[in-house]
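Worksheet: the structure to be examined is printed underneath.
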Amino acid sequence: MEARTLATRRLSALILVNLAGLLLKTAQAQSDNLAVTFSPDTLSTCASPSNVTDQQGFTISISGVPLVNHCFDLASLTQSPNSSGIINQTDRLPDNIKYPDLDPFYYNLTNQAAYDASKNYSNIFYEQLVLAAGAGETDVQENTAARRITLFSGPNCTHLYNPDKRRDEDWYRISCVSPEEGQCNRASIGIKSFIVANPLDRFNGGGEEECNTFALFGGAERLSGSAWKVVVGVIMAVGWMTS
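Positions -29 to -1, 1 to 214 (mature numbering (1 follows the signal peptide of the UniProt record, and there is no 0)) are the ones given, in order, by the sequence shown.
Okay, structure coming up:
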């Protein structure tokens, strides 16, 4: 009787240890994810993963780190019958680069049926807590995230291959980790596609000296710089005329 009781206790303890380990791994996997929630500009603030089904938004969660740029087109992604997918990275590498043990990465959609092509998805909720490998070293800013996202107003990330669009039209980049509660950003454009990439890899044009929290590039960036030069010029002219 005592032997049976002891064996039962040991089995219960073993189950609890394994369960604790499983929960820990699950929590780590969840905290390692990148989550981006898109919601329309008709909302006064961002929908987030916790309330996305009530706020006309949809969330894309990504686990794993892409080695090279991968484009997600919002219309194609949300209109697919699949709410999750696996991206095999080995097939996407240049022919002269071999990574035989390269792991795939995964994505999952929440509330994808909410997508409406007629709406402007300019509210962007971003959550990513995991740091890039080597973050904090001399050439990598300490709060650089494991993944960089670049957001475009056109479909299929065509800005990436069109220098004129990148120069003339607004686009955004995020490559810093978010606060623990995530961050809400409002873009000047409706987002139609975005790129996910490893911010440090040379294939992606990475290796920036500083990470970006929600950096604006393109037309508005140039315009703001030009407008500031005009203001400075006017101030100098007024000063010269009144001196």
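Cβ coordinates follow ideal geometry from the N, Cα and C atoms, glycine included.
If you're wondering where the values come from, they're calculated on a predicted model, not measured in any experiment.
Distance CB(residue i)-CB(residue j) smaller than 7 Å
i           : j           : result
residue 149 : residue 112 : no
residue 121 : residue 86  : no
residue 27  : residue 47  : no
residue 141 : residue 189 : yes
residue 73  : residue 60  : yes
residue 115 : residue 170 : yes
residue 156 : residue 57  : no
residue 51  : residue 4   : no
residue 145 : residue 97  : yes
residue 12  : residue 82  : no
residue 20  : residue 168 : no
residue 215 : residue 24  : Because the chain is modelled from -29 through 214, residue 215 falls outside the range shown and cannot be assessed.
residue 158 : residue 93  : yes
residue 101 : residue 88  : no
Bridge partner(s) assigned by DSSP for residue i
i           : result
residue 79  : 32, 55
residue 99  : 5
residue 185 : According to DSSP, which records beta bridges pairwise, residue 185 is partnered with nothing at all.
residue 10  : 94
residue 167 : 41, 120
residue 156 : 95
Alpha-carbon to alpha-carbon, residue j and residue i
i           : j           : result
residue 75  : residue 39  : 12 Å
residue 1   : residue 133 : Confidence in residue 1 is poor, its pLDDT being 40 and thus under 50, which makes the residue's placement too unreliable to answer from.
residue 18  : residue 8   : 7 Å
residue 160 : residue 124 : 6 Å
residue 62  : residue 119 : 21 Å
residue 151 : residue 184 : 14 Å
residue 84  : residue 108 : 42 Å
residue 162 : residue 105 : 31 Å
residue 41  : residue 110 : 24 Å
Reduced DSSP secondary structure (H/G/I, E/B, other) of residue i
i           : result
residue 128 : helix
residue 146 : strand
residue 48  : helix
residue 61  : helix
residue 115 : strand
residue -8  : At residue -8 the pLDDT is 36, less than 50, meaning the model places this residue with poor confidence and gives no usable figure here.
residue 23  : helix
residue 106 : coil
residue 173 : For residue 173, the predicted model reports a pLDDT of 47, less than 50, meaning its position is unreliable; a value from the coordinates is still stated below. Note: residue 173 maps to helix in three-state DSSP.
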